[in-house]
Amino acid sequence: MSNIRVRFAPSPTGPLHIGGLRTALYNYLFAKSRQGEFILRIEDTDQARLVPGAEQYIFQALDWLGITPDESPLHGGPYAPYRQSERVDIYRKYALQLVDEGKAYYAFDSPDELQAMRDRLKASKVANQQYNAITRVSMRNSLTLSATQVEELMAEGVPYVIRLKVPPKEDIRFEDRIRGWVKVHSSTMDDKVILKSGGFPTYHLANVVDDHLMKISHVIRGEEWLPSAPLHVLLYKFLHWEDSKPEFAHLPLILKPDGNGKLSKRDADKQGFPIYPVSWTDPEGDQSVGFKERGYLPEAMINFLALLGWNPGSERELFTLKELEREFSMDRIVKSGAKFDIGKAQWFNQHYLRNKSSGELCDYLKASLEAQGIVATPDKILQVVEFIKDRAVFPQDLWEHGKVLFLAPEQYDQKLVQKKWNHQVAEVLQNLSESIEASSEWSAEAAHSLLEEQLERVNWGFGKILPGLRLALTGEGKGPDLMKIMEIIGKQETCNRLNNAIARLANIIIDRA
Ligand code: GLU
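Sequential numbering of the sequence shown, starting at 254, is according to my numbering.
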């Protein structure tokens, strides 16, 4: 076993968004490429922001992609529990240790006092109104109060937090695997709360303590966490874990399709693509359709996400999960933001859909047929699948493009009727129908020669009849090869559809006349 241990550490404050899913995937791939472990840890210490169903949703989304954690609240593991709300005592112990060692302190300031401090600073034109090395000396905390006063306040039950005592003048540096050296001066940092008044830790403390205790070797997470990293580095130092601190890798942002800023749910809604892996209903009952329900295949999603911020170092684009587990490398994660291109996701989807066996494709179509209450023979289903599959991007397209092969048109595209239907067309199709009726063999080729015969009689080219023929057979103006459609729906159905259209559209011609 290698020493590589990475974690995906979402907070169940809402549905996982596509960026979170990519973070999970990169962690997973990095672990697998190095024979390491992939851990899922639920960071639920911000109890006020918890959203019911969000934790379950995380499992569901990973499960859909086939990214199975080696350790998690569901899978267990040697460092359980993996849900932070079940580890509160652990964090408290470390917070107290930091206080004991003079690296953190109790702060009793009320919300009003904090506001007054900020107002004061604002009035003196101080840009950052922070609780920090300068302001802490004039606040109500264990640095300014005597030990007895502190004890008294605690005994009275006055709420307090524990704040980290950030040194006033120190360069904090660390090397990020993607971004290189990062240097921050401690004077720009505030004395972050590490333990809240209810006894719960904040994200920073819990995250660092767990990464250490769970022996995490690499922290791979979104770029939005980069500003927190210096604080984490300081915590490692204060907790005497500097030598075993994990390596950091902050992943590039996923950008809007035009590259202008971070991709948001609003962009996705506006442009009509999903942003959540699987469908999500928020507590108010608002529903968002997920990639899964839109018909994206997990294989396509994995391939798409893998290349959204990582490149294999070659022109190659197609990778299965297993291949990525071998090929993925941290060094090829890109630094700059990755533009989200839904067209690319669809391209991958089409590829993986085409690659499915006929049996699987038939199952998709069968499910749609069943939902519509349509009974069809396995032979016909297979024939339709073979005929349609190259046009399909999503599994449901097999039905969308194939339904004309199961259902006669209920209506006819009115614009096309106006443009393409007339007495001569009706007459040619009438004759065609009769010749089909009288013919003995049936195939796309047979249909073609029967049509050719009729066209020769009136001296027409195919172009003159095909729109009307398609309209009569499908009600539409576009679609797959008509001769093949006639073959698949069969001789009798072809005649029925032609006769029906001629009868139903006859009135329209009269109306127009
Ligand atoms: N709980 C944080 C989140 O919601 C984890 C950030 C990290 O990976 O450190 O994304």
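Cβ atoms here follow ideal geometry from the backbone N, Cα and C, with glycine treated the same way.
**Asked** Of the choices 700, 630, 618, 550, whose alpha-carbon is the least far from that of residue 319?
**Response** 550
**Request:** Kindly indicate the opening and closing residues of the alpha helix (DSSP H) around residue 473.
**Result:** Unbroken run through residue 473 is the beta strand (DSSP E), 471-475; no alpha helix (DSSP H).
**Asked** Between residue 602 and ligand 1, is the CB less than 7 angstroms from at least one heavy atom?
**Response** no
**Message:** Taking the alpha carbon of residue 752 as the reference point, which residue from 393, 707, 687 has its own alpha carbon closest?
**Reply:** 687
**Message:** Please tell me whether, using a cut-off of 7 angstroms, the distance from the CB of residue 310 to the nearest non-hydrogen atom of ligand 1 is below it.
**Reply:** no
**Asked** Quick one: is residue 497 buried, meaning 16 or more other Cβ sit within 10 Å of its Cβ, or exposed?
**Response** exposed
**Prompt:** Got a sec: does ligand 1 put a non-hydrogen atom nearer than 7 angstroms to the Cβ of residue 430?
**Reply:** no
**Request:** Could you tell me which residues DSSP puts in a beta bridge with residue 325?
**Result:** 329
**Asked** If you measure from the CB of residue 472, is any heavy atom of ligand 1 nearer than 7 angstroms?
**Response** yes
**Asked** Is there at least one non-hydrogen atom of ligand 1 closer than 7 angstroms to the beta-carbon of residue 780?
**Response** Residue 780 lies beyond the range of the chain shown here (254 to 766); nothing can be said about it.
**Contact the stretch 382-397 vs the stretch 466-485: 3+ CB pairs below 8 angstroms** = no
**Prompt:** Looking at residue 461 and residue 489, is the spacing between their C-beta atoms short of 8 angstroms?
**Reply:** yes
**Item:** Of the residues 578, 744, 606, the one placed nearest residue 691, counting alpha carbons only
**Value:** 744
**Asked** What did DSSP end up calling residue 256 once you bin it into helix, strand or coil?
**Response** coil
**Asked** Can you list, in chain order, the stretches of the alpha helix (DSSP H) that have 4 or more residues and sit fully within the stretch 408-474?
**Response** 456-466
**Item:** Residue burial classification, residue 557 (beta-carbon count within 10 angstroms, cutoff 16)
**Value:** buried
**8 angstroms Cβ cutoff met for residue 276 and residue 430** = no
**Asked** Quick one: is residue 715 buried, meaning 16 or more other Cβ sit within 10 Å of its Cβ, or exposed?
**Response** exposed
**Item:** Given residue 584 as reference, the closest of 565, 572, 693 once Cα atoms are compared
**Value:** 565
**Request:** In the DSSP assignment, find the beta strand (DSSP E) that holds residue 501 and state where it starts and stops.
**Result:** 500-504
**Request:** Report yes if the C-beta distance between residue 737 and residue 699 is below 8 angstroms; otherwise report no.
**Result:** no
**Request:** Below 7 angstroms CB to CB, which residues in the same chain sit around residue 506 once its five sequence neighbours on both sides are set aside?
**Result:** 476, 515, 590
**Request:** State the beta-bridge partners of residue 656 as determined by DSSP.
**Result:** None, per the DSSP bridge assignment.
**Rounded C-alpha distance that separates residue 531 from residue 541** = 9 angstroms
**Asked** For the stretch 654-702, which segments carrying the alpha helix (DSSP H) assignment without a break, of at least 4 residues, lie completely within its bounds, in sequence order?
**Response** 667-673, 676-691
**Message:** Restricting to runs no shorter than 4 residues, where is the alpha helix (DSSP H) found entirely within the stretch 563-613?
**Reply:** 574-580, 595-607
**Asked** Cβ of residue 494 within 7 angstroms of any heavy atom in ligand 1?
**Response** no
**Member of 710, 664, 425 whose CA lies at the smallest distance from the CA of residue 725** = 664
**Request:** Confirm, please, whether the CB-CB distance from residue 257 to residue 287 is below 8 angstroms.
**Result:** yes
**Asked** What did DSSP end up calling residue 360 once you bin it into helix, strand or coil?
**Response** strand
**Request:** Evaluate the contact criterion for the stretch 618-637 versus the stretch 653-660: three or more CB pairs, one atom per stretch, below 8 angstroms.
**Result:** yes
**Request:** Report the three-state DSSP secondary structure of residue 317 (helix, strand or coil).
**Result:** helix
**Request:** Measure from the alpha carbon of residue 694 to the alpha carbon of each residue in 739, 670, 673, 709, then state which is nearest.
**Result:** 739
**Message:** Distance check for residue 369 and residue 223, CA to CA, integer angstroms please.
**Reply:** Residue 223 is absent from the model: the chain starts at 254 and stops at 766.
**Asked** Taking three-plus beta-carbon pairs below 8 angstroms as touching, is the stretch 397-405 in contact with the stretch 338-352?
**Response** no
**residue 457 and residue 479 closer than 8 angstroms at C-beta** = no
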